[in-house]
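Asks:
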Amino acid sequence: IGGDDFKSGQTKMKSVLVDFLVGAGLKPESIVSYNHLGNNDGMNLSAPAQFRSKEISKSNVVDDMVASNHILYEKGEHPDHVVVIKYVPHVGDSKRAMDEYTSTIFMNGQNTIVMHNTCEDSLLAAPLILDLIILTELFERVTWKTDAVEEYQSFHPVLAVLS
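The numbers in the working numbering rise by one with no breaks, and the one at position 136 of the sequence shown is 126.
1. DSSP has residue 1 in a bridge; who is on the other side?
2. Whole angstroms is fine: what's the gap from residue -6's alpha carbon to residue 114's?
3. Is it a yes or a no for the segment 13 to 29 touching the segment 70 to 77, going by three-plus beta-carbon pairs under 8 Å?
4. Going by DSSP in three states, residue 126 sits in which element: helix, strand or coil?
5. In three-state terms, what does DSSP make of residue -7?
6. To the nearest whole angstrom, what separates the beta carbons of residue 85 and residue 25, a pair I think is in contact under 8 Å?
7. Let me check you understand the geometry: is the CB of residue 121 closer than 6 Å to at least one non-hydrogen atom of the ligand NAP?
8. Report yes if the C-beta distance between residue 79 and residue 28 is below 7 Å; otherwise report no.
9. Taking residue 33 as the reference, which of 55, 8 and 83 has the closest Cα?
Right, here's the structure in full:
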């Protein structure tokens, strides 16, 4: 539903934009992301171990995209990718994200796309959480069986994955 870290904001945008650039034959060489937010997510991400987990998640998005294109990228080659996340209590739930994507284009030219996004972090994630609750409720109610099985079975293994 939402990927490793419920991609709903900047990470989702990164997935879509890198996929577009690589698919269009443009070669992203540098991706720099700066975030600051003041809610609990921002405070938790100020801890090195939590930040490292988020950094890996964001990097995996880029690595998967470039690994799939052997024309633009040689084996083991990938763009420079820097992620900075800072806790700024004053901004509260308002997440600020600034991204810069620099790509090589025709005749070794350079193209840079710069984006600024401000969003209410919790409101962005809330629909994903609601979807999970609804799916969990659905799987709790639904049962199934095959001709080989006499009794109806529940979706408990699926619920274990969602938990």
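Ideal placement from N, C-alpha and C gives every residue a C-beta, glycine not left out.
Replies: So, from the listed chains and residues:
1. Paired residue(s): none; residue 1 is not in a bridge.
2. Low confidence applies to residue -6: its pLDDT is 46, below 50, so where it sits in the model is not reliable enough to give any reading.
3. yes
4. helix
5. Its pLDDT being 43, under 50, residue -7 is placed unreliably by the model, and the measurement read from it follows with that caveat. It is coil, neither helix nor strand.
6. 7 Å
7. The ligand NAP is not part of the structure shown, which contains no ligands of any sort.
8. yes
9. 83
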